[in-house]
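Each residue of the sequence shown is one higher than the last, beginning at 0 in numbering that gives the first Met the number 0.
Reading through the C-alpha cells given below for one structure.
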Amino acid sequence: MWTIVLICFLAALLLTPIVRRIVIKFDITDKPDKRRINVVPIPSLGGVAIFVAFLIGMFLLPIDKSLLWPLVIGVSVIAITGMLDDILELKARYKLIGQLIAAGIIVFWGGINITFINLPFGGEIHFGFMAIPLTLLWIVAITNAINLIDGLDGLAAGVSTIALLTIMGMAFVMGDPIVIMITAVLVASTLGFLPYNFYPAKIFMGDTGALFLGYIIAILSLMGFKNVTFISLIVPILILGVPIFDTILAIIRRIVHRTPIAMADKSHLHHSLMKLGFTHRQTVILIYAISALFSLFALIFTMSTFWGSFLLIFVLLIVGEFFVEVLGLISQNYRPMMRLLRIERIEREEEQE
Numbered sequence: 000m001w002t003i004v005l006i007c008f009l010a011a012l013l014l015t016p017i018v019r020r021i022v023i024k025f026d027i028t029d030k031p032d033k034r035r036i037n038v039v040p041i042p043s044l045g046g047v048a049i050f051v052a053f054l055i056g057m058f059l060l061p062i063d064k065s066l067l068w069p070l071v072i073g074v075s076v077i078a079i080t081g082m083l084d085d086i087l088e089l090k091a092r093y094k095l096i097g098q099l100i101a102a103g104i105i106v107f108w109g110g111i112n113i114t115f116i117n118l119p120f121g122g123e124i125h126f127g128f129m130a131i132p133l134t135l136l137w138i139v140a141i142t143n144a145i146n147l148i149d150g151l152d153g154l155a156a157g158v159s160t161i162a163l164l165t166i167m168g169m170a171f172v173m174g175d176p177i178v179i180m181i182t183a184v185l186v187a188s189t190l191g192f193l194p195y196n197f198y199p200a201k202i203f204m205g206d207t208g209a210l211f212l213g214y215i216i217a218i219l220s221l222m223g224f225k226n227v228t229f230i231s232l233i234v235p236i237l238i239l240g241v242p243i244f245d246t247i248l249a250i251i252r253r254i255v256h257r258t259p260i261a262m263a264d265k266s267h268l269h270h271s272l273m274k275l276g277f278t279h280r281q282t283v284i285l286i287y288a289i290s291a292l293f294s295l296f297a298l299i300f301t302m303s304t305f306w307g308s309f310l311l312i313f314v315l316l317i318v319g320e321f322f323v324e325v326l327g328l329i330s331q332n333y334r335p336m337m338r339l340l341r342i343e344r345i346e347r348e349e350e351q352e
C-alpha cells in the first residue's frame, strides 16, 4: 500500500506545476476583489492535481468494485462541479445541485447512510425515512464547510490533512483497512499539492479541490464511524471542528445581518485573526494548531466516560463562545459572556470598596 501512497504523492507533486502552466495559459485565475485576500491574480484549478492523483491511487488500491465505482463517479461529479464554478462562477443553486447529485450517488449507489444511533443510556433512535435526507445533509454540509475555510494559502489543504490523519488513526484503532487505504491515498495527494499552495501560494486549489476534499472527507467520516452511537456521531464533528464551527457562525452571522446565506463575506475565522494583527502565515499555522487541538479532543472523547465526554463538550462550548465574542465572529456587539463577566467583576470591586 505504501508504494501506492508514494505514487499518489509524486503524481500530485508533478501534476500541480503542469496544471498551473495550463491555467495560466487560459487565464483561469482568482483575481483580487473585496472578498479575496490575494492582491495579484493567482492560478486556480489546482484541485485537479489532487483529484487526478487520488483517482490513480483508487484504481491501484485493492478495493471492491461495489464501493470503488460509486466513489469514483461521485468524486468526479463533485470535481466537475468545482471546475465549472472555478471557470464560469456558477450560481449557488447550480453548485448545490451538483453537490446533491454527487451525494446521492454515494448514498443510493454506494449504500452509505446513517440509519440509527445508539443512545448513551441504552436504546436506539432509528431515523427511518429521514436516514437518507440526513446523510445527504451531512455530506453537503461538510463539503461546503471545507469550501468556506479555503480563504488563505494552504489553509483548506492543511486543515483537511489534519482531519484526514485523525480519521485514519481512528480507523486504525477500529480495524477498518478500507478507510485507512483511501485516507492514506488522499493525504498523500493533498501533501503533494501543499508545497505549491502554502504561503506564498503559486496556485490555489479552487472550488475543484475544496469541494472534492470536503466531499470525500464527509464520506470517510461516515465510513469510519458506521457503527453509529451517540458518542461516535460526535467524533467526526470534533475532528472537523474548525470548518463546521466556521460554517455555523457564517450562517448565524448572515442571518443576524440579514444578508443572503450564500453571500461571501470577510468575517470568517481567518479574516478575524488577520484583523487582530496576525500575518498570513501565522494565521494559517494558528488554525492548523486549533484543528490539531480539535482532533486531540476527538481522541480523548472516544476514551472518556459519558460524563467525562459531557464535561469535555461543555468546556469546548464555553471556550468556543469566548473566541466568538473576542473575535467578533457573529458581530462586534455580540458579547453576552464578556458583559456578564464584566458586570460580575464590577460588582466584586464595589463589594470590596
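Just so you know, even glycine gets a beta-carbon here, dropped at the ideal spot from N, CA and C.
Fair warning: this is a prediction, and the values are worked out from it, not measured in the lab.
Is the beta carbon of residue i less than 7 Å from the beta carbon of residue j?
i, j, result
"F192", "I3", "no"
"T246", "A144", "yes"
"I96", "N112", "no"
"M167", "T189", "no"
"T258", "L272", "no"
"L311", "F300", "yes"
"D85", "G205", "yes"
"M180", "M0", "yes"
"G81", "L210", "yes"
"A156", "I216", "no"
Suppose you measure from the CA of residue i to the CA of residue j; what does that come to, to the nearest Å?
i, j, result
"L316", "I148", "20 Å"
"K24", "V186", "29 Å"
"L164", "L5", "16 Å"
"Y195", "P69", "30 Å"
"V318", "L212", "28 Å"
"I355", "L60", "Because the chain is modelled from 0 through 352, residue 355 falls outside the range shown and cannot be assessed."
"V18", "V323", "38 Å"
"L275", "G110", "46 Å"
Give me whichever residues DSSP pairs with residue i in a beta bridge.
i, result
"H256", "Paired residue(s): none; H256 is not in a bridge."
"T28", "P42"
Put residue i into one of helix, strand or coil per three-state DSSP.
i, result
"N332", "coil"
"F197", "coil"
"P16", "helix"
"F203", "coil"
"D84", "helix"
"L339", "helix"
"M302", "helix"
"D264", "coil"
"D63", "coil"
Alpha helix (DSSP H) containing residue i: first to last residue?
i, result
"H270", "268-274"
"W108", "Where W108 is concerned, there is no enclosing alpha helix (DSSP H), given that its DSSP letter is neither H nor E."
"D148", "Checking the sequence, you will find Ile at residue 148 rather than Asp. Careful: I148 lies outside any alpha helix (DSSP H) and carries neither H nor E."
"G157", "154-173"
"K94", "91-103"
Can you tell me whether residue i sits near the ligand GTP, meaning its C-beta is under 6 Å from at least one heavy atom of the ligand?
i, result
"A11", "Questions concerning the ligand GTP fall outside what the structure shown contains, since it holds no ligand whatsoever."
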